[in-house]
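**Student:** Below is one structure. I have some questions about it.
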Amino acid sequence: MRNSFDWTPYRRSTVGFDRLFDFLETGASSAENYPPFDIEKIAEDHFRITVAVAGFKSDEIDITAQQNMLTVSGRKAPVAEGEERKLLYSGIATRAFERRFQLADFVRVERADLADGLLTIDLVREVPEAMKPHKIAIGSSAAPVIEDKKAA
Numbered sequence: 001m002r003n004s005f006d007w008t009p010y011r012r013s014t015v016g017f018d019r020l021f022d023f024l025e026t027g028a029s030s031a032e033n034y035p036p037f038d039i040e041k042i043a044e045d046h047f048r049i050t051v052a053v054a055g056f057k058s059d060e061i062d063i064t065a066q067q068n069m070l071t072v073s074g075r076k077a078p079v080a081e082g083e084e085r086k087l088l089y090s091g092i093a094t095r096a097f098e099r100r101f102q103l104a105d106f107v108r109v110e111r112a113d114l115a116d117g118l119l120t121i122d123l124v125r126e127v128p129e130a131m132k133p134h135k136i137a138i139g140s141s142a143a144p145v146i147e148d149k150k151a152a
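So in UniProt numbering, spot 60 of the sequence shown is number 60, and the numbers just go up one at a time.
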C-alpha cells in the first residue's frame, strides 16, 4: 500500500534526519511500532531519540552505530530458576525488539542514557570544515598598480 501523504513541507524543517522522510515514503510498516519513540531537535546540530523501553535494564539493551545506521535492540534476560513470578495481569511488553534509525551524513552518537524506562540517545551533526560553506572574497579585475620607487 502506497502512502499518499505529501511530506514536502516537513522536509524543509529537518536537519540531520534527511533520509527520514524517504524512509516514510517507501512504505515504512506501521505494524512494527514497538517500542514507541520520539525524535526531537534540541539545537541546530543536536538531536535526541527517546525510546520507551519500560521493563528493560541497561544490560538488556544494545545500541550499535554503523555508518549511517543506528540500531537499538533489546532482549529480556531469561528468568533464573527460583525467581518465577505469578503475574495476575501482564501489561508491560517484554518481547525482544530491534529498532533501526537511518542517520544523515556526519551524524554521530554522542551518548545514551537509560532512566525511568526511557532510553535517550543524543546525536550530534558534525560537518567537517572542508564540507562547510566558505565565503569567497571578490577581487578586482583591474591590474594591480605597481609603483616604481626609483622614479620618486
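We put the CB at the ideal spot given by N, CA and C, even for glycine.
Predicted, not measured: the structure shown is a model, and the values here were computed from it.
1. Where does residue 58 fall in DSSP's three states?
2. Would you call the CB atoms of residue 68 and residue 119 closer than 8 Å?
3. Give the straight-line distance between the Cα atoms of residue 110 and residue 121, rounded to the nearest whole angstrom.
4. Per DSSP, residue 74 forms a beta bridge with which residues?
5. Measure how close the beta-carbons of residue 52 and residue 117 come, nearest whole angstrom, since I'm counting them as under 8 Å.
6. Looking at the secondary structure, which residues open and close the beta strand (DSSP E) in which residue 110 lies?
7. Less than 8 Å between the CB atoms is what I'm expecting for residue 127 and residue 106, so what's the real figure, rounded?
8. Which two residues bound the contiguous beta strand (DSSP E) that contains residue 52?
9. Using a Cβ-Cβ cutoff of less than 6 Å, which residues in the same chain neighbour residue 92 once the five nearest sequence positions on both sides are dropped?
**Tutor:** On the basis of the data shown:
1. If you number the sequence shown from 1, residue 58 lands on position 58. If DSSP states are grouped into helix, strand and coil, residue 58 belongs with the helices.
2. As a position in the sequence shown, residue 68 is number 68, starting the count at 1. As a position in the sequence shown, residue 119 is number 119, starting the count at 1. Not a contact, by the Cβ cut-off of 8 Å.
3. One-based indexing of the sequence shown puts residue 110 at position 110. One-based indexing of the sequence shown puts residue 121 at position 121. Going from the Cα of residue 110 to the Cα of residue 121 covers about 8 Å.
4. Mapped onto the sequence shown, residue 74 falls at position 74. Partner(s): 61, 97.
5. Reading the sequence shown from its first residue, position 52 is the one you call residue 52. Reading the sequence shown from its first residue, position 117 is the one you call residue 117. Right, their Cβ atoms sit about 6 Å apart.
6. As a working mapping, residue 110 is identified with position 110 in the sequence shown. Here the beta strand (DSSP E) through residue 110 covers 107-115.
7. Looking up residue 127 in the sequence shown gives position 127. Looking up residue 106 in the sequence shown gives position 106. The Cβ separation is near 5 Å, so the contact holds.
8. Position 52 of the sequence shown, counting from 1, holds the residue named residue 52. Residue 52: member of the beta strand (DSSP E) spanning 46-52, first to last residue.
9. As a first step, residue 92 must be located in the sequence shown, where it is residue number 92. These residues qualify, in order along the chain: 54, 55.
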